[in-house]
Each structure stands twice: as C-alpha cells, then as structure tokens.
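In the working numbering, the protein residues as written are -16 to 153.
We treat Cβ as the ideally placed atom computed from N, Cα and C, and that holds for glycine.
Here the structure is a predicted model, which means the values were calculated and not measured.
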C-alpha cells in the first residue's frame, strides 16, 4: 500500500494542490485554482459541495477515483417536498475525468447536480461520455456541455452527427 502526506501551514496560500483526498474537509483552500483529487474511497456529493465552497476560484479540476459514489445527491425533505442540492463551480474552465468512475462524469455533467457556467475544456474517455450522455441525447447533461469548446479523448474516434448538436461550440 501507499499513502499521501501533505504538510502545509494554514491558511493554505498556494494556487495548486495535488492529490487532495476525502480527509481534507474543513480546510479553506480559497487561493487554489488548480486541483487534483485522488482517493480510493468515493468522493460523495457532499464532498463536491464542500469543495465548491472551499475552492471558490477553482479553474482546473482533475478527478482520479475509480470507486463508484454511494451517495450521489443530497436530498432534504421540507414540507413533504424533496429538495436537491445543486453545486456551483463558477470559475471552473477545465475538467479532467479520464481516470474517474462514470459516477463522477454524471456528477459534473448533469445540470441538476452541478452548475458549470464557464466550463470550456473537457478531458474524458469517449466511452464514458457516450454512456453518461445516453449517446448524446440526455438534455439534463447537454446544458453543462453546451458551452464546451474543446474535448480531449483518450483515443481517436469517429464522431457521430449528434455529437456536434450536443456540443454546439466545438
């Protein structure tokens, strides 16, 4: 086995943070603009909710986790109505999900989970993108994909016509 150990003083003032895990909750990373996540335990919806507040200026995010999520959405019941929490990453420009379980693709691309108004670059495995978007037909995911200007795949692919309808800015 192996482990990571990060030693830093608070408040954390560096712009880059590598291999952040689930164990770092409660910290303030307001100066972080580039972040890579790594863990063998799943990153749950509430972790990404905390992350959006702890790293409000985040521009570049890499998710490395092949473990499926167990709690994909936060749900509260108020007056017998279910209220779902939606996460906002207002400055996120680049998202890399190459070494991530498909649950994380759903977490970020589904508009009902996450709001990504400035996302313009997506780095992802083609087969996971096809599966997560229901072969480029899922409207809830198309909203976050509509402003993407660059997609990098792990392989060469022949793109279907529907692909360019789904990603109109390419």
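- In the structure shown, residue 71 falls within a strand segment according to DSSP collapsed to helix, strand and coil.
- Nearest neighbour of residue 146 by Cα position, chosen from 77, 31, 117, 47, turns out to be 117.
- With respect to residue 101, residue 73 sits close: the two C-beta atoms are nearer than 8 Å.
- Residue 38 holds the alpha-carbon nearest to the alpha-carbon of residue -3 among 38, 90, 34.
- CA-CA distance, residue 94 to residue 123, rounds to 5 Å.
- Here residue 46 is buried. Its C-beta has 16 or more other C-beta atoms within 10 Å.
- Membership of residue 115 in the alpha helix (DSSP H) is indicated by the continuous run 109 to 115.
- By a beta-carbon distance limit of 8 Å, residue 42 contacts residue 16. Their separation comes to about 5 Å.
- Your pair residue 80 and residue 88 checks out as a contact, with CB atoms roughly 5 Å apart and the cut at 8 Å.
- For residue 34, the number of other beta carbons within 10 angstroms of its own is at least 16, and it is reported as buried.
- When DSSP states are grouped into helix, strand and coil, residue 149 belongs to the helix group.
- Assignment of alpha helix (DSSP H) within the segment 12 to 45, counting only whole runs of 4 or more residues, yields 28 to 37 in chain order.
- By the 16-neighbour rule on beta-carbons within 10 angstroms, residue 96 is buried.
- In the three-state reduction of the DSSP assignment, residue 131 falls in the coil class.
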